[in-house]
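**Q** Chains A and B, in that order, are what the protein sequence lines are. One point on numbering: in the working numbering, the residue at position 178 of the first sequence is 178, and numbering is uninterrupted. Position in the second sequence counted from 1, then plus 1000, gives you the working numbering. The beta-carbon is built from N, C-alpha and C at its ideal position, and this holds for glycine as well. Values in this document were obtained by computation on a predicted structure and should not be read as measured data.
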Amino acid sequence: MIIQKTYTRFFVLLCILLAILFCINISLGSVHISIQETFKSLVGTASKSSWQYIITQYRVPKAITAIITGGGLAISGLLMQTLFRNPLAGPFVLGLSSGASLGVAILILGAGALGGVLSSVLMSSWSLVIASALGSFLVLLAVLAVTFKIKDTMAILIIGLMFGSLTGAVVAVLSYFSNAEQLQQFIFWSFGSLGNQSWEGVAILSMCFFVGLIISIGSAKALNALLLGENYAKSMGLKIKNNMLLIILATSILAGGITAFVGPIAFIGLAVPHVTRQFIKTSNHFVLIPGVAISGAILMLICDTIAQLPGTQYTLPINAITSLIGAPVVIWLLTRRRKLIF
Amino acid sequence: MAMKTKHTVISCQDLSIGYHSKKKTTLIAKDISFSIAEGTLVAMVGSNGIGKSTLIKTLTAMLPAISGSIQIKGKETTAYSTLERSSKLSVVLTEAPASKNLSVIELVSLGRQPHTNWMGTLSRQDKDKIHEALNDTDLTALAHRNCFELSDGQLQRAYIARALAQDTPLIILDEPTTHLDLYHRASIVKLLKKLTEEKNKTIVYSTHEIDLAIQISDKMLVMTPNQIAFDTPCNLIEQGAFDILFPNEIVVFDKKTGRFSVT
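Quick look at the structure:
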């Protein structure tokens, strides 16, 4: 009898799909560049230097950002669903994204008050990441603290929602007292955007992703034990508190870091783990973590390709596209299985 | 007697159990002392709210004892690290696992966690233990079913199989026979009996099935508000331990048949 099925073929297929979508994604945009020219640009022999610039400085960083965003949010969603024993958990639902928004809002809208040199120091990519990760970390800790007191999964979701409203209100107050320029900057950030990332930004984003990924993989055994609940996990020798803290840390770095760069992105974290479970019939996190990461990246690339409205010069907010695709997927899963199980 | 040469697996001395909170300590039961030898099946009975679950939580170190000592294999339970304890004691709880999507074999494989590396890689020996556990609980045919597809009886066997895969000398079960019909209740208890006889496991379980427990258990722990008696079922009947188990006005214990009947 086979105890651990191998999913090698499935993973190879997913990776090929990812590569194809990556190529499609970078060959499409408001400026028409043919497939051949796209590849030439990648190796540095494009006919026009402007094409070369568009591909290497705009489209490739954007596509990589999409892959990291999709993969990272999907992993953080998976971790939260296991941690909270709740199929509806995800970075957006539990208020992590709002926590990250609050961190960013305080930074962007509050920086004006400090003014001058200090505000330019504060506005570096790193401080944005730290503020955002810190915001989501605090919200997650608060939600978890309440979870320890109230063991009701429904209550956890409501509390996540309440934290969302609370941080939303604080953001509103902050907006009221800030000037138009800062407000615009914040609003654009909150629409979510994969574009306009410098290679430096992509590097920082990748670092957050890999740190989060490594901690997640390191916690996979603990996550498997947590599938049975805390008491069983403890009876099997798991140090609950240390492991939970590590899982929360990974989730905050992933969700917080990504949200800092691309803004709050809805539904990827919630929907992708469920979609992936339709194909990978296992609960083993050593298989699920890479599985959801690649699926999330694929879905995000698709969303981004749609958001660019190929052939036109318009770009839709990415957040709207992920919701347009994510919400029906969740509804479809619910009606099909009558129950979201994890 | 043969019993005397057997090693003690778990013992309690003057144990008081209850809940600690910041404001006060709620004492639920006190003066609990017993000693259980290897290969013994012990049933824990008592009316609702008498503290069976609290005692199980205390024995399994989920809840700290208020006073007194609990020793597993001659060492205080609190002196074990979580990992060390997990190779001595496995549990079957009343709470269902958080995930419903696990297959039986995945559930049972999780029982090997204390013995595997950080990746949870299953060695030849681990796989053998898993198959042995599935075989002992008669679940080999259902190994690849998902837990939500199983009946309550099969599910209970799967939880027991997970505890068996953990490969501990002591297994503690909290009401393993609730929600089951008579046939499945009896088959679970017979399975536990078989495990104590054939695998030399020490098994403690709480139950409301007093008739069944009297017939099949080696020892019983009878919890009443004033005293906690621990002995063989026959001796307990002699001592009249079951007569004071419930208030007398509705059910009475018949010493001859070993059953309760409605007055």
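Check the Cβ of Asn231 (chain A) against every Cβ in chain B and list those closer than 7 Å, keeping chain order.
**A** In the first sequence, residue 231 (chain A) corresponds to position 231, counting from 1. Ordered by position in chain B, the residues that pass the 7 Å Cβ test against Asn231 (chain A) are Met1062, Leu1093 and Glu1095.
**Q** Tell me, please, whether the CB atom of Arg277 (chain A) is closer than 9 Å to any CB atom in chain B?
**A** Counting from one through the first sequence, the residue named residue 277 (chain A) turns up at place 277. Chain B contact via Cβ: present.
**Q** To which residues of the same chain is Met1003 (chain B) closer than 8 Å at the C-beta, ignoring the five residues directly before and after it?
**A** To locate residue 1003 (chain B), count along the second sequence from 1; it is residue 3. In this prediction, Met1003 (chain B) has a pLDDT of 48, which is less than 50 and means its spatial position is unreliable; nothing more can be read from the coordinates.
**Q** Against chain B, does Gly291 (chain A) count as a neighbour if the rule is that its beta carbon must be under 9 Å from one of theirs?
**A** Here residue 291 (chain A) is taken as the residue at index 291 of the first sequence, counted from 1. It does not; no Cβ of chain B falls within 9 Å.
**Q** Whole angstroms is fine: what's the gap from Ser206 (chain A)'s alpha carbon to Ile215 (chain A)'s?
**A** In the first sequence, counting from the first residue as 1, residue 206 (chain A) sits at position 206. In the first sequence, counting from the first residue as 1, residue 215 (chain A) sits at position 215. Their Cα atoms are separated by approximately 14 Å.
**Q** Return no unless some Cβ of chain B is closer than 9 Å to the Cβ of Lys239 (chain A).
**A** As a position in the first sequence, residue 239 (chain A) is number 239, starting the count at 1. Yes, Lys239 (chain A) counts as interfacial toward chain B.
**Q** Excluding five sequence neighbours on each side, which residues of the same chain lie with their C-beta closer than 8 Å to the C-beta of Ile253 (chain A)?
**A** The count along the first sequence starts at 1 and reaches residue 253 (chain A) at position 253. So the list reads Ala133, Cys208, Val211, Gly212 and Ile215, once near-sequence residues are dropped.
**Q** Between Thr1058 (chain B) and chain A, is the shortest Cβ-Cβ distance under 9 Å, so that the two count as touching?
**A** As a working mapping, residue 1058 (chain B) is identified with position 58 in the second sequence. Not one chain A Cβ lies under 9 Å of Thr1058 (chain B).
**Q** Does the CB of Met1 (chain A) have a neighbour CB from chain B at under 9 Å?
**A** Against the first sequence, residue 1 (chain A) aligns to sequence position 1. Unreliable placement is indicated for Met1 (chain A), whose pLDDT of 37 sits below 50; the coordinate value is still reported in the next sentence. It does: the Cβ of Met1 (chain A) has a partner Cβ on chain B nearer than 9 Å.
**Q** With a threshold of 9 Å between beta-carbons, can Glu1084 (chain B) be considered close to chain A, or not?
**A** Within the second sequence, residue 1084 (chain B) is the residue found at index 84, counting from 1. So, interface residue.
**Q** With 9 Å as the threshold, decide whether the Cβ of Thr282 (chain A) is near any Cβ in chain B.
**A** Within the first sequence, the letter at position 282 stands for residue 282 (chain A). At least one chain B Cβ lies under 9 Å of Thr282 (chain A).
**Q** Are Leu1122 (chain B) and Arg1112 (chain B) closer than 9 Å when you measure CB to CB?
**A** Your numbering for residue 1122 (chain B) matches position 122 in the second sequence. Your numbering for residue 1112 (chain B) matches position 112 in the second sequence. Their beta carbons are under 9 Å apart, which means Leu1122 (chain B) touches Arg1112 (chain B) by this criterion.
**Q** Using DSSP with H/G/I as helix, E/B as strand and the rest coil, what is Asp1014 (chain B)?
**A** Within the second sequence, the letter at position 14 stands for residue 1014 (chain B). Residue state, collapsed to three classes: strand.
**Q** Answer yes or no: does any C-beta atom of chain B fall closer than 9 Å to that of Gly212 (chain A)?
**A** Position 212 of the first sequence, counted from the first residue, corresponds to residue 212 (chain A). Output row for Gly212 (chain A): interface = no.
**Q** Consult DSSP for His1208 (chain B) and reduce its assignment to one of helix, strand or coil.
**A** Along the second sequence, read from residue 1 onward, the residue named residue 1208 (chain B) stands at position 208. Here His1208 (chain B) sits in coil by DSSP.
**Q** Against Glu1106 (chain B), what residues of chain A qualify as contacts under a CB-to-CB distance less than 8 Å, listed in chain order?
**A** One-based indexing of the second sequence puts residue 1106 (chain B) at position 106. In chain order: Thr282, Ser283 and Asn284.
**Q** Hey, quick one: how far does the alpha helix (DSSP H) through Lys221 (chain A) stretch, first residue to last?
**A** To locate residue 221 (chain A), count along the first sequence from 1; it is residue 221. Ala220 to Leu226 is the span of the alpha helix (DSSP H), which, as asked, contains Lys221 (chain A).
**Q** Could you run through the region 1213-1226 of chain B and flag, in chain order, every residue whose CB is less than 9 Å away from some CB of chain A?
**A** The residues in question: there are none.
**Q** Is the beta carbon of Asp1136 (chain B) less than 9 Å from the beta carbon of Leu1195 (chain B)?
**A** Locating residue 1136 (chain B) in the second sequence gives position 136, where the first residue counts as 1. Locating residue 1195 (chain B) in the second sequence gives position 195, where the first residue counts as 1. Yes. Within cutoff.
**Q** Rounded to the nearest angstrom, what separates Gly71 (chain A) and Cys15 (chain A) at their Cα positions?
**A** Sequence index remark: in the first sequence, residue 71 (chain A) carries index 71 (1-based). Sequence index remark: in the first sequence, residue 15 (chain A) carries index 15 (1-based). Straight-line Cα distance between these residues: approximately 13 Å.
**Q** Rounded to the nearest angstrom, what separates Lys1190 (chain B) and Asp1254 (chain B) at their Cα positions?
**A** The count along the second sequence starts at 1 and reaches residue 1190 (chain B) at position 190. The count along the second sequence starts at 1 and reaches residue 1254 (chain B) at position 254. Roughly 24 Å separates the two Cα atoms.
**Q** Would you tell me roughly how many angstroms separate the C-alpha atoms of Ile331 (chain A) and Ile268 (chain A), rounded to the nearest one?
**A** Translated into positions along the first sequence, residue 331 (chain A) becomes position 331. Translated into positions along the first sequence, residue 268 (chain A) becomes position 268. Those two C-alpha atoms are separated by around 14 Å.
**Q** Leaving aside the five residues before and after Ser1090 (chain B) along the sequence, list all residues of the same chain whose C-beta is less than 6 Å from its C-beta, in chain order.
**A** By 1-based counting over the second sequence, the position of residue 1090 (chain B) is 90. Ala1163, Gln1166, Thr1168 and Ile1171, listed in sequence order.
**Q** Whole angstroms is fine: what's the gap from Ile1188 (chain B)'s alpha carbon to Phe1034 (chain B)'s?
**A** In the second sequence, the residue the question calls residue 1188 (chain B) occupies position 188. In the second sequence, the residue the question calls residue 1034 (chain B) occupies position 34. Approximately 25 Å between the Cα atoms of the pair.
**Q** Which of helix, strand or coil does DSSP assign to Asn1146 (chain B)?
**A** Along the second sequence, one-based indexing puts residue 1146 (chain B) at 146. The answer is strand: DSSP assigns Asn1146 (chain B) an E or B state.
**Q** Could you tell me which chain B residues have their CB closer than 8 Å to the CB of Lys40 (chain A), listed as they occur along the chain?
**A** The residue given as residue 40 (chain A) occupies position 40 in the first sequence. Residues of chain B passing the Cβ test: none, with the nearest at roughly 43 Å.
**Q** Starting from Gly72 (chain A), trace the alpha helix (DSSP H) both ways and give me its first and last residue.
**A** Counting from one through the first sequence, the residue named residue 72 (chain A) turns up at place 72. Element bounds for Gly72 (chain A): Val60 to Leu83.
**Q** Assuming Gln164 (chain A) contacts Gly95 (chain A) (C-beta within less than 8 Å), just tell me the rounded distance between them.
**A** For the purposes of this step, residue 164 (chain A) is identified with residue 164 of the first sequence, where counting begins at 1. For the purposes of this step, residue 95 (chain A) is identified with residue 95 of the first sequence, where counting begins at 1. The sequence as given places Gly at residue 164 (chain A); Gln does not occur at that position. The Cβ separation is near 4 Å, so the contact holds.
**Q** I want to verify the contact list: residues of chain B whose CB lies under 7 Å from the CB of Asn224 (chain A), in sequence order.
**A** Within the first sequence, residue 224 (chain A) is the residue found at index 224, counting from 1. Those within 7 Å of Asn224 (chain A) in chain B are Leu1110 and Gly1120.
**Q** Contact criterion: CB-CB distance below 9 Å. Does Thr45 (chain A) meet it with respect to chain B?
**A** For the purposes of this step, residue 45 (chain A) is identified with residue 45 of the first sequence, where counting begins at 1. No, Thr45 (chain A) does not count as interfacial toward chain B.
**Q** Taking 8 Å as the cut-off, is the C-beta of Ala1043 (chain B) nearer than that to any heavy atom in the ligand GTP?
**A** The ligand content of the structure shown is nil, which means the ligand GTP is not present either.
**Q** Thinking just about the alpha-carbon of each residue, which of B:Asp1128, B:Ala1133 and B:His1020 is nearest to the one in Ile1199 (chain B)?
**A** Within the second sequence, numbered from 1, the residue matching residue 1199 (chain B) stands at position 199. The amino acid at residue 1199 (chain B) is misidentified as Ile; the sequence shows Lys. Residue B:Ala1133 is the option with its Cα nearest to Lys1199 (chain B).
**Q** By the 10 Å Cβ neighbour count, where 16 or more other Cβ atoms means buried, how is Leu13 (chain A) classified, buried or exposed?
**A** Numbered from 1 along the first sequence, position 13 holds the residue referred to as residue 13 (chain A). The residue in question, Leu13 (chain A), is exposed, as its Cβ has fewer than 16 Cβ neighbours within 10 Å.
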